[in-house]
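Beneath this line is the structure, given in structure tokens, with notes to follow.
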Amino acid sequence: MLKSDYLQSVYAQVTTRDPDQREFHQAVLEVLESLDQIIERRPEYQQKGIVETFVEPERVISFRVPWVDDQGKVQVNRGYRVQFSSAIGPYKGGLRFHPTVNLSILKFLGFEQILKNSLTGLPMGGAKGGSDFNPKGKSDNEVMRFCQSFMTELSRHIGQFVDVPAGDIGVGAREIGFLFGQYRHVRGTYAAGVLTGKGLSFGGSLVRTEATGYGLCYLTQEMLKTMRNDSFEGKTVVISGSGNVAIFATEKATQLGGKVVALSDSNGFIHDPEGIKLEIVKDIKLGHRGRIKEYADRVPGSTYTEGFRGIWNIPCDIALPCATQNEIDGEIAKVIVRNGAMAVAEGANMPCRPEAIQAFQSGGILFAPAKAANAGGVATSGLEMSQNSMRYAWSFEEVDRRLRGIMVNLFHNIYDTAEEFGKPGDLVVGANVAGFLKVADAMLTQGLI
Ligand code: NDP
320 MLKSDYLQSV YAQVTTRDPD QREFHQAVLE VLESLDQIIE RRPEYQQKGI
370 VETFVEPERV ISFRVPWVDD QGKVQVNRGY RVQFSSAIGP YKGGLRFHPT
420 VNLSILKFLG FEQILKNSLT GLPMGGAKGG SDFNPKGKSD NEVMRFCQSF
470 MTELSRHIGQ FVDVPAGDIG VGAREIGFLF GQYRHVRGTY AAGVLTGKGL
520 SFGGSLVRTE ATGYGLCYLT QEMLKTMRND SFEGKTVVIS GSGNVAIFAT
570 EKATQLGGKV VALSDSNGFI HDPEGIKLEI VKDIKLGHRG RIKEYADRVP
620 GSTYTEGFRG IWNIPCDIAL PCATQNEIDG EIAKVIVRNG AMAVAEGANM
670 PCRPEAIQAF QSGGILFAPA KAANAGGVAT SGLEMSQNSM RYAWSFEEVD
720 RRLRGIMVNL FHNIYDTAEE FGKPGDLVVG ANVAGFLKVA DAMLTQGLI
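Numbering (this note's numbering), first residue to last: 320 to 768.
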């Protein structure tokens, strides 16, 4: 529970104002609990109303997205953009296309994004957007018509110096291509820096595709080295999901000497005790958008089990949840602790519920929260924006080197901040406080309130 009366009143206002936004409440409460460590030391935040301003988005845009399906029938989805904070740079954050998308989820993601972007050290504000449209099972033409309608409206609200969206769940290279094409068409301008995650032939950056998964492993490696004098070498790794983040986390964890033995999708999970053959996963998921189940049919000795949560019964040294929010609850976390894991790092956004984080921390497991651990994606988006501004493209090695440098610095920033504010080893507090201080001080300096 919050100690500070001020923070309690901020939280009460958040929950009373939007009583149904549970994911948003969860994200705000976690951050406020960390701010409890600093609020007495920085009375100006209360005097100037910084925290109550910080938890309210600068702007929330909601719009209809009509499109015509392959049968000629009109479908109507809902589109959103939550422009949460532009204190340290233009709004920046992904677009999610998934039937579960609603304002609570986008506000939680936009709020987290402010702190994550701040931690990268790059000048980017926080935002998130998306739609309840489900690209799964749609033809390429249907996805194109949806993206064109979505961007027709969104284009009024974004721009390379205003708001720069990227991909997230359900928004990959195909969707970004359609969205960029429509932006160019309706605005009549080639502003490459308006979206990130673009194709390499039209302003995309090398390593952006791999960045979130690679960055997750770079940070985890630095955490193991600093806090346990250890590494991925010889470790058994379980990774949930089998999308963009999971696939490239598998690739980098394997390159660093780990053995990834399980992956999942929303239907179930595969277990390959010999180590996942990534080229087969890539062929299934990236080659023909298949289901992970197919892996067990193709690889002797591997198994498929229905139900995605069962993956966490598999013993591992390192757990990297890379699917979606609130996947790991307190009970699952206890199983992971009991099975002897040494580290958990969040590749997805908020995959661990608060009780799970509590179980990891009290069980002595290293825990890296999403806003630090998966910041490599947006950091590389920032590098894509830099390259677009320069009209230049760095090599794969150059971007990868910068990404690794950002993740290593980020880790030491949050590790040192946790220590400075009296919570050594607590990377949740370290990430929330380090991310917040930079944004709050920018707000104070600019007189934003
Ligand atoms: P993808 O759409 O590429 O993959 C998502 C994966 O998670 C799929 O395997 C999907 O399975 C699974 N999944 C989705 N919803 C559920 C669910 N309700 N239950 C179980 N599994 C589910 O997305 P990304 O890999 O890009 O994103 C994964 C996570 O990482 C998200 O939390 C996202 O916000 C976060 N993230 C992504 C970044 C990026 O650069 N892509 C950057 C930072 C964070 P299925 O195919 O069955 O739906």
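Cβ coordinates follow ideal geometry from the N, Cα and C atoms, glycine included. Being a predicted model, the structure only gives us computed values, none of them experimental.
What residue from the options has the CA that sits closest to residue i's CA?
i	options	result
A346	A759, C671, R723, E541	C671
S450	L498, S474, R397	R397
G448	S458, F416, L438, L441	F416
C466	Y364, Q432, R503, Q390	R503
C536	E375, I558, S708, S323	I558
S458	E472, E494, G478	E494
G444	T764, G766, G754	G754
K554	G629, F499, T372, P592	P592
A694	N436, F551, V333	N436
M542	L428, N421, I637	I637
Q365	I433, S328, G413, S708	S328
R617	K571, I630, N632, E598	E598
According to DSSP, what are the bridge partners of residue i?
i	result
H590	A581, T622
I380	R400
A485	G413
L639	I558
P783	Nothing can be reported for residue 783: it is not among the residues displayed for the chain, which extend from 320 to 768.
C466	According to DSSP, C466 bridges with nothing at all.
L772	A question about residue 772 goes unanswered here, because the residues of the chain that appear run from 320 up to 768.
L685	A662
How about residue i and residue j: are their beta carbons less than 8 Å apart?
i	j	result
V483	M320	no
L326	I358	yes
E665	A689	yes
G538	L756	The identity of residue 538 in the sequence shown is Leu, whereas the question assumes Gly. Going by C-beta atoms, L538 is not nearer than 8 Å to L756.
L639	V556	yes
V370	P385	no
Q677	E342	no
M661	R547	yes
V718	L582	no
I651	A675	yes
A492	G560	no
F567	E613	no
A750	A712	no
Y410	T545	no
Look at the alpha carbon of residue i and the alpha carbon of residue j, and state the distance between them as a whole number of angstroms.
i	j	result
R527	L746	25 Å
S700	F430	18 Å
E461	R360	54 Å
G683	R608	38 Å
R723	V393	46 Å
I611	G532	18 Å
M762	R400	22 Å
Q479	R383	24 Å
R628	E552	26 Å
N563	G576	20 Å
K517	F499	8 Å
V580	I630	10 Å
M709	E472	28 Å
Relative to the ligand NDP, what is the chain-ordered list of residues with a Cβ closer than 5 Å to any of its non-hydrogen atoms? D487, I488, T531, G560, S561, G562, N563, V564, D584, S585, F627, A642, T643, A667, N668, N693, G696
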